[in-house]
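Visitor:
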Amino acid sequence: MEGGVLYNSSTMSKNTPPSEQNQFANKAQAWSARFSEPVSDLVKRYTASVGFDQRMARVDIQGSLAHADMLAAVGVISLDDKAAIEGGMAQILEEIATGQFTWSLDLEDVHLNIEKRLVELIGDAGKRLHTGRSRNDQVATDIRLWLRGEIDVIIELLRQLRRALAQLALQHTDTILPGFTHLQVAQPVTFGHHLLAYAEMFGRDAERLADCRKRVNRLPLGAAALAGTSYPIDRERVAQTLGFDEVCRNSLDAVSDRDFAIEFCAAAALIMTHFSRFSEELVLWMSPRVGFIDLADRFCTGSSIMPQKKNPDVPELARGKTGRVNGHLMALLTLMKGQPLAYNKDNQEDKEGLFDSADTVRDTLTIFVDMIGGIKVKAEAMRAAALQGFATATDLADYLVKKGVPFRDAHETVAHAVRNCEEKGCDLADLTLAELQAFHPSIEQDIFGVLTLEGSVAARKHVGGTAPERVKAEARRVLDQTEGD
Ligand code: ARG
Numbered sequence: 001m002e003g004g005v006l007y008n009s010s011t012m013s014k015n016t017p018p019s020e021q022n023q024f025a026n027k028a029q030a031w032s033a034r035f036s037e038p039v040s041d042l043v044k045r046y047t048a049s050v051g052f053d054q055r056m057a058r059v060d061i062q063g064s065l066a067h068a069d070m071l072a073a074v075g076v077i078s079l080d081d082k083a084a085i086e087g088g089m090a091q092i093l094e095e096i097a098t099g100q101f102t103w104s105l106d107l108e109d110v111h112l113n114i115e116k117r118l119v120e121l122i123g124d125a126g127k128r129l130h131t132g133r134s135r136n137d138q139v140a141t142d143i144r145l146w147l148r149g150e151i152d153v154i155i156e157l158l159r160q161l162r163r164a165l166a167q168l169a170l171q172h173t174d175t176i177l178p179g180f181t182h183l184q185v186a187q188p189v190t191f192g193h194h195l196l197a198y199a200e201m202f203g204r205d206a207e208r209l210a211d212c213r214k215r216v217n218r219l220p221l222g223a224a225a226l227a228g229t230s231y232p233i234d235r236e237r238v239a240q241t242l243g244f245d246e247v248c249r250n251s252l253d254a255v256s257d258r259d260f261a262i263e264f265c266a267a268a269a270l271i272m273t274h275f276s277r278f279s280e281e282l283v284l285w286m287s288p289r290v291g292f293i294d295l296a297d298r299f300c301t302g303s304s305i306m307p308q309k310k311n312p313d314v315p316e317l318a319r320g321k322t323g324r325v326n327g328h329l330m331a332l333l334t335l336m337k338g339q340p341l342a343y344n345k346d347n348q349e350d351k352e353g354l355f356d357s358a359d360t361v362r363d364t365l366t367i368f369v370d371m372i373g374g375i376k377v378k379a380e381a382m383r384a385a386a387l388q389g390f391a392t393a394t395d396l397a398d399y400l401v402k403k404g405v406p407f408r409d410a411h412e413t414v415a416h417a418v419r420n421c422e423e424k425g426c427d428l429a430d431l432t433l434a435e436l437q438a439f440h441p442s443i444e445q446d447i448f449g450v451l452t453l454e455g456s457v458a459a460r461k462h463v464g465g466t467a468p469e470r471v472k473a474e475a476r477r478v479l480d481q482t483e484g485d
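For the sequence shown, my numbering gives the first residue as 1, with consecutive numbering after it.
(1) With distances taken Cα to Cα, identify the nearest neighbour of E474 among S36, L170 and D109.
(2) Does the region 298 to 312 come close enough to the region 380 to 399 that 3 or more CB-CB pairs lie under 8 Å?
(3) Less than 8 Å between the C-beta atoms of A268 and V325, yes or no?
(4) DSSP three-state label for G404, please.
(5) May I have a chain-ordered list of the alpha helix (DSSP H) segments no shorter than 4 residues that lie completely inside the region 22 to 105?
(6) When the Cα atoms are used, what is the spatial distance from I443 to R419?
(7) For the 8 Å Cβ check, are there 3 or more pairs between the region 448 to 456 and the region 422 to 439?
(8) Would you mind stating whether I143 and V361 have Cβ atoms separated by less than 8 Å?
(9) Could you compute how far the alpha carbon of I77 sits from the alpha carbon of A97?
(10) Name, in chain order, the residues that DSSP records as bridge partners for F180.
(11) With a Cβ-Cβ cutoff of 8 Å, do T175 and V314 count as a contact?
(12) Using the Cα positions of P312 and A164, report the straight-line distance between them to the nearest angstrom.
(13) Just the Cα atoms here: how many angstroms apart are A393 and L332?
(14) Relative to the C-alpha of A415, which residue among L428, G404 and G374 is closest?
(15) Under 8 Å by Cβ, that's how I've got M70 and D259 pegged, so tell me the actual separation to the nearest angstrom.
(16) Smallest Cα separation from L107: which of S456, I92 and S49?
(17) Using three-state DSSP, classify K351 as helix, strand or coil.
(18) Quick check on N113: does DSSP put it in helix, strand or coil?
(19) Between H111 and the ligand ARG, is the CB less than 7 Å from at least one heavy atom?
(20) Quick check on DSSP: helix, strand or coil for L564?
(21) Rounded to the nearest angstrom, what separates H328 and M272 at their Cα positions?
(22) Please state the DSSP three-state secondary structure of I427.
(23) Cβ-heavy atom distance between S49 and the ligand ARG below 7 Å?
(24) How about Q348: is its Cβ closer than 7 Å to a heavy atom in the ligand ARG?
(25) Going by DSSP, what residue range makes up the alpha helix (DSSP H) through F278?
Encoded structure:
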């Protein structure tokens, strides 16, 4: 189809009224000179992408302008043609922005819709735009331009999110809650430390996207349909105009692989996975049984039947939406795996999942940046929970080790003490010195500094530890890294 005569007037029925001829292709597709019958309406809908790829209109025009500029620079089209193309495209951009542009399903996709309108507006100069180009390298270029813009927005949102987490962390360097393993009380941690764990995850997500961007930011144009073109094109010039770091070095690869989109979807799936874990905790923390936090009302909804309910809908939905973003990654991998070189129409299916992944990540980030600032922390409830479940048992064992007791013996001794406390219904810190000494004679008065929650967290002051002073330093480090607003 590529390279066929576009906009051949013979595709129009002789009886087509002039107004419809202007609308172009009410009777046939742009490439249909060699076809003897039109496709059915269902096939037309099945094969068209204009319903969803119109969102690439702006980058499609950007790519076309760079292509036209290059064609003029190498003398394939005249400077007058280039100027006409620029004028026409400016008007089309305006029509799209103001909602006046008429998108036609008959014209299949965003590329043909725009090109057809250009021809309507400027005639022959518009018909010359597609010289040395194919929709195959055009669409690959458009997706890369579009995705590059999305990546930049998402990296910026990740910065804001990490900043919000670090700001809240800085307010809670001394707030203690139980840290869990297996969802059983393990050891006390500071809430600031817990929040900064997510700042780390989202920091890696930003790194991943920055790395993915390098491979997104390469220019396919010039590959044409698959084999390159016989025109004396200047790909470097186009790359420079469009801000690409380099050109794709193999035409077959340039039009066919979507690995850069798969990478993005993998990074998006990880971002959502991190959100999903955080959301699970927010939901749990907000349950009245736990009561560690409250979320601002604007992120929650009530129940139509149970008046007492305040449901954490936003985190629940973030957790749920993770499923579809993970699904898009699988869809794209599966889309790619059976395709022979070079371009196949299968690739048109790359867009909806990719768009939805980016939209979902953007929306989730935007909402969470706002929501985190409004988390109401119930420090008393956190503290009360940390005092249950013998969270400082490890500290008692470590204390004995420091007094010369082998760790395994210390572990055994503390297990006895915990059992004794369970029977009595008290905490380790509630035992008297004499009672503690009954478990091990080397226990002395200084044990009480160790068995408190504050003593436990303060002792973990190495890099990566939960001590308030360390958390303060880490929060400040994240704030420094994310400075910008
Ligand atoms: N809409 C198509 C896509 O999204 C554009 C490329 C079509 N190329 C072709 N030869 N049919 O992939």
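Quick reminder that beta carbons are idealized off the backbone N, C-alpha and C, glycines included. Just so you know, these numbers come straight off a predicted model, no measurement behind them.
Guide: If we stick to the structure as given:
(1) L170
(2) no
(3) yes
(4) coil
(5) 41 to 47, 50 to 53, 57 to 73 and 79 to 97
(6) 18 Å
(7) yes
(8) no
(9) 28 Å
(10) V185
(11) no
(12) 19 Å
(13) 49 Å
(14) L428
(15) Rounded, the Cβ-Cβ distance is 26 Å, inconsistent with contact.
(16) S49
(17) helix
(18) helix
(19) yes
(20) An answer regarding residue 564 cannot be provided, because it is not within the stretch 1 to 485 covered by the chain.
(21) 12 Å
(22) The sequence given here places Asp at residue 427; Ile does not occur at that position. It is coil, neither helix nor strand.
(23) yes
(24) yes
(25) D259 to M286
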